[in-house]
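Peer 1: Sending over a structure as structure tokens; questions will come in a sec.
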Amino acid sequence: MRGRGGIGRRWGLKILCHWRAGSSPAARTSIIRLTAALTLTLLGAACGRRADVGPVVVSVIGVEPTLAGRNRAALSTGDRLLTDSLAEGLVRFDAAGQIEAGVAERWTVIDDGRSYIFRLRAAQWSDGAPVRAADIVPLLRRQIARTSGNRIAPYLTAIDSIVEMTPEVIEIELARPRPDLLKLFAQPELALVRARADGGAGPFRRRTVSGRAALLTPAPDPNRDPEEERPTPEQDVRLRGERAALAILRFVERHSDLVSGGTLADWPILQAANPAPANVRIDPAAGLFGLAIVHRDGFLADAANRAAIAQAFDRAGLTTATSPEWTPRETILPEQIDAAAPPAIPEWANVPAEQRQASARRQVAAWRAANELPVLRLALPGGPGGTLLWARLARDLYAIGVRPQRTALDDPAADLRLIDEVAPYDNARWYLAEACVTCSAEAAAAIEAARLADTLAQRAEATTLADRLLTQDVAFVPLARPFRWSLVALRLRQWQPNPRAWHPLNRLRPDPN
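Note that the sequence shown covers residues -2 to 510 in this note's numbering.
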């Protein structure tokens, strides 16, 4: 900050010289006002505030974001943010992670969630053409196809038809009731992107790209007179993708307003930078954070051995050492979500925490009496946070007589692989299906039965059975809820933590008008 400090000192010298030169009373009043303004500016800089002027500057951790077109598989946080900004879907998420209007201004859900009727608003594509139902229907059909590569598509199999009722009305009919479908339609993977245009129907347009930064400006409102609509620079967003260390440094130096996409992998970098606590925000993210059993052979072929691994980990120690806002978890489902009973509790959870490692050690010792030392390969993320996670998990496994080996997340030879995913919507089948990487045939059949259930009551019963069977099978080792953090400037008064860990770029600060 030497440059800013130098400017302050130069202004101070000028003020002092004018004062000593014997200015008039009016001039001295102006100097006093100037001095007060300068003092407030420097105090704001000292408190880590950015002036509430100009575009909102956003750094998203990862590679440079690109607009997601036909291939919607494995999108980065930056890709999802840019896509959501340029091409909203029928509905979208607001700052609190709740549903708000997108291309559809109104909707009706009827027949116990078997029919969704959407009325489109007056919107324009990025080339100025009006948005019509005839444009949207083929886009939606393409996105939900199983061959699309869309990570959301497996949870949209209940959709039976998508039809144009009028140029402004679309009906989506389902073979089975899905009253919770809107949160899937709000995902960026279902944003309406046209292949022949740079984006979709807003809420932003991409104007320029400078280096690794894209300048996004508000899309024109067809209901307003262009002569009356005068967007200000404060309504713009400058979005860039970059490494965590550079993004954090840029924020600490007050050259950006938001760092988004933070995970456990980069948390130690943030701690080392020591930003102001008021700027560090952690989402109460809903989802899965735990170890999926990838290979069920050798030591892991026995459910009792898998249970020994599950009870060996000190979850409270892991989360507390990271952040008091991080919550440990022992069940696959976080709560009773569209099920007939509360989440299934694993048998090992009934063992007192201080006795769990001893119990797990006895199980491993019994297995070693007839076999060699068990060696387990753990697929974990890179980065300093991944190393800290590895140190905690490896310590607990060594303590019960298991020798762990760290490997990359995509290593096909891994025995256990970390799943760290935020749930796209509050549906038990998502949790169970994502946790069932290699689960028993009975558990997999119960999950499929929940998908095919004809009524909500049947679905709840099948979900409860699937949760119980998957927990008994110990196919997944829950550790905590997903850990998601952001750095947020105080000028972004609309930013809110939420279970979706999703923060749309048009819901960051109040409209300056």
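Positions of the beta carbon are idealized from the N, C-alpha and C atoms, including for glycine.
Report the partner residues of G284 according to the DSSP bridge assignment.
Peer 2: Taking the sequence shown and counting its residues from 1, one reaches residue 284 at position 287. DSSP output for G284 lists V419 as bridge partner(s).
Peer 1: Buried or exposed, going by whether 16 or more other CB atoms sit within 10 Å of the CB of V60?
Peer 2: Locating residue 60 in the sequence shown gives position 63, where the first residue counts as 1. In this structure V60 is exposed. Its beta-carbon is surrounded by fewer than 16 other beta-carbon atoms within 10 angstroms.
Peer 1: Straight-line CA distance for T317 to D311?
Peer 2: Translated into positions along the sequence shown, residue 317 becomes position 320. Translated into positions along the sequence shown, residue 311 becomes position 314. Whole-angstrom Cα-Cα distance: 10 Å.
Peer 1: Tell me whether A273 is buried or exposed, calling it buried when 16 or more other Cβ atoms sit within 10 Å of its Cβ.
Peer 2: Taking the sequence shown and counting its residues from 1, the one referred to as residue 273 is at position 276. The residue in question, A273, is exposed, as its Cβ has fewer than 16 Cβ neighbours within 10 Å.
Peer 1: Starting from I169, trace the beta strand (DSSP E) in both directions and tell me its first and last residue.
Peer 2: On the sequence shown, residue 169 is found 172 positions in, with the first residue counted as 1. Here the beta strand (DSSP E) through I169 covers V166 to L171.
Peer 1: Considering only the alpha carbon of each residue, which of E85, W345 and E344 lies closest to E186?
Peer 2: The residue labelled residue 186 in the question sits at position 189 within the sequence shown. Selected option, being the one with the closest Cα: E85.
Peer 1: In angstroms, rounded to a whole number, what distance separates the CA positions of A309 and R365?
Peer 2: On the sequence shown, residue 309 is found 312 positions in, with the first residue counted as 1. On the sequence shown, residue 365 is found 368 positions in, with the first residue counted as 1. Going by the C-alpha atoms only, they are around 17 Å apart.
Peer 1: Starting from the C-beta of R504, find all residues in its chain whose C-beta is less than 6 Å away, skip the five residues before and the five after it, and write them out in chain order.
Peer 2: Counted from its first residue, the sequence shown places residue 504 at position 507. For R504, where only same-chain residues beyond five positions count, the Cβ hits under 6 Å are D91, A92 and Q491.
Peer 1: Near A23, which residues of its chain fall below 8 Å by C-beta distance, leaving aside the five closest residues on each side in sequence?
Peer 2: Taking the sequence shown and counting its residues from 1, the one referred to as residue 23 is at position 26. Low confidence applies to A23: its pLDDT is 45, below 50, so where it sits in the model is not reliable, and the reading given next is rough at best. Cβ within range, chain order: n/a, list empty.
Peer 1: Run the CB neighbour count on Y395, radius 10 Å, all protein chains shown included, and call it buried at 16 or more, exposed below.
Peer 2: In the sequence shown, the residue the question calls residue 395 occupies position 398. So Y395 ends up on the exposed side.
Peer 1: Out of D280, Y428, V57 and D124, which has the shortest C-alpha to C-alpha gap to I334?
Peer 2: Translated into positions along the sequence shown, residue 334 becomes position 337. Out of D280, Y428, V57 and D124, the CA that lies nearest to the CA of I334 is found in Y428.
Peer 1: For a quick check, are the C-beta atoms of R293 and T435 less than 8 Å apart?
Peer 2: If you number the sequence shown from 1, residue 293 lands on position 296. If you number the sequence shown from 1, residue 435 lands on position 438. Yes, Cβ-Cβ distance for R293 and T435 is below 8 Å.
Peer 1: Taking the straight line between their C-alpha atoms, what separation do you get for L375 and Q455?
Peer 2: Stepping through the sequence shown from its first residue, residue 375 is reached at position 378. Stepping through the sequence shown from its first residue, residue 455 is reached at position 458. Cα-Cα distance, rounded: 37 Å.
Peer 1: With 16 as the cutoff for other CB atoms within 10 Å, does L502 come out buried or exposed?
Peer 2: As a first step, residue 502 must be located in the sequence shown, where it is residue number 505. Buried, since its Cβ has 16 or more Cβ neighbours within 10 Å.
Peer 1: Looking at the structure shown, is S20 part of a helix, part of a strand, or coil, going by DSSP?
Peer 2: Within the sequence shown, numbered from 1, the residue matching residue 20 stands at position 23. Low local confidence applies: a pLDDT of 43 at S20 is under 50, so the model's placement there is unreliable, with the coordinate-based value given in what follows. Three-state result, S20: coil.
Peer 1: Quick one: Cα of W122 to Cα of D263, how far?
Peer 2: Numbered from 1 along the sequence shown, position 125 holds the residue referred to as residue 122. Numbered from 1 along the sequence shown, position 266 holds the residue referred to as residue 263. For W122 and D263, the distance between alpha carbons rounds to 37 Å.
Peer 1: If R138 and I159 are in contact, beta carbons under 8 Å, what's the gap, nearest whole angstrom?
Peer 2: Start at 1 with the first residue of the sequence shown, and residue 138 comes out as number 141. Start at 1 with the first residue of the sequence shown, and residue 159 comes out as number 162. The pair is a contact, with the Cβ atoms about 6 Å apart (cut-off 8 Å).
Peer 1: What does the alpha-carbon distance come out to for the pair T586 and R173?
Peer 2: Since the displayed the chain opens at -2 and closes at 510, residue 586 lies outside it and no answer follows.
Peer 1: Between E332 and the rest of its own chain, which residues show a CB-CB distance below 8 Å, the 5 nearest in sequence each way excluded?
Peer 2: Reading the sequence shown from its first residue, position 335 is the one you call residue 332. Cβ within range, chain order: P339 and P340.
Peer 1: Taking the beta strand (DSSP E) that F115 falls in, what are its first and last residues?
Peer 2: Along the sequence shown, one-based indexing puts residue 115 at 118. That run of the beta strand (DSSP E) goes S112 to L117.
Peer 1: Would you give the residue range spanned by the alpha helix (DSSP H) that G380 belongs to?
Peer 2: In the sequence shown, counting from the first residue as 1, residue 380 sits at position 383. Annotation for G380: the continuous alpha helix (DSSP H) segment containing it runs G380 to A396.
Peer 1: From G258 to G379, what distance separates their C-alpha atoms?
Peer 2: Indexing the sequence shown from 1 puts residue 258 at position 261. Indexing the sequence shown from 1 puts residue 379 at position 382. Straight-line Cα distance between these residues: approximately 15 Å.
Peer 1: Going by other Cβ atoms of all chains shown within 10 Å of its Cβ, with 16 needed for buried, is A210 buried or exposed?
Peer 2: If you number the sequence shown from 1, residue 210 lands on position 213. A210 should be labelled buried.
Peer 1: Would you kindly check if the distance between the Cβ of A459 and the Cβ of A450 is under 8 Å?
Peer 2: Along the sequence shown, one-based indexing puts residue 450 at 453. Along the sequence shown, one-based indexing puts residue 459 at 462. Yes, these two residues count as a Cβ contact at 8 Å.
Peer 1: Would you check if there are 3 or more beta carbon pairs closer than 8 Å linking the segment 340 to 354 to the segment 319 to 329?
Peer 2: yes
Peer 1: I need the straight-line Cα distance from F286 to V166, nearest angstrom please.
Peer 2: Position 289 of the sequence shown, counting from 1, holds the residue named residue 286. Position 169 of the sequence shown, counting from 1, holds the residue named residue 166. Distance between the alpha carbons of F286 and V166: 40 Å.
Peer 1: Could you name each continuous beta strand (DSSP E) segment of 3 residues or more that falls completely within the segment 251 to 301, going from the start of the chain to the end?
Peer 2: Correct list: 255 to 259, 277 to 279 and 284 to 290.
Peer 1: What number of angstroms, rounded off, separates the C-alpha of A305 from the C-alpha of V134?
Peer 2: Position 308 of the sequence shown holds residue 305. Position 137 of the sequence shown holds residue 134. The alpha-carbon atoms of A305 and V134 are separated by roughly 50 Å.
Peer 1: Does W499 come out as helix, strand or coil in the three-state DSSP assignment?
Peer 2: Mapped onto the sequence shown, residue 499 falls at position 502. Coil.
Peer 1: Can the beta-carbon of R497 be found less than 8 Å from the beta-carbon of G75?
Peer 2: Position 500 of the sequence shown, counted from the first residue, corresponds to residue 497. Position 78 of the sequence shown, counted from the first residue, corresponds to residue 75. No. Outside cutoff.
Peer 1: Where does R325 fall in DSSP's three states?
Peer 2: Residue 325 sits at position 328 when you count from the first residue of the sequence shown. Note that residue 325 is Pro in the sequence shown, not Arg. Strand.
Peer 1: Is the beta carbon of L78 sitting closer than 8 Å to the one on P62?
Peer 2: In the sequence shown, counting from the first residue as 1, residue 78 sits at position 81. In the sequence shown, counting from the first residue as 1, residue 62 sits at position 65. Yes. Within cutoff.
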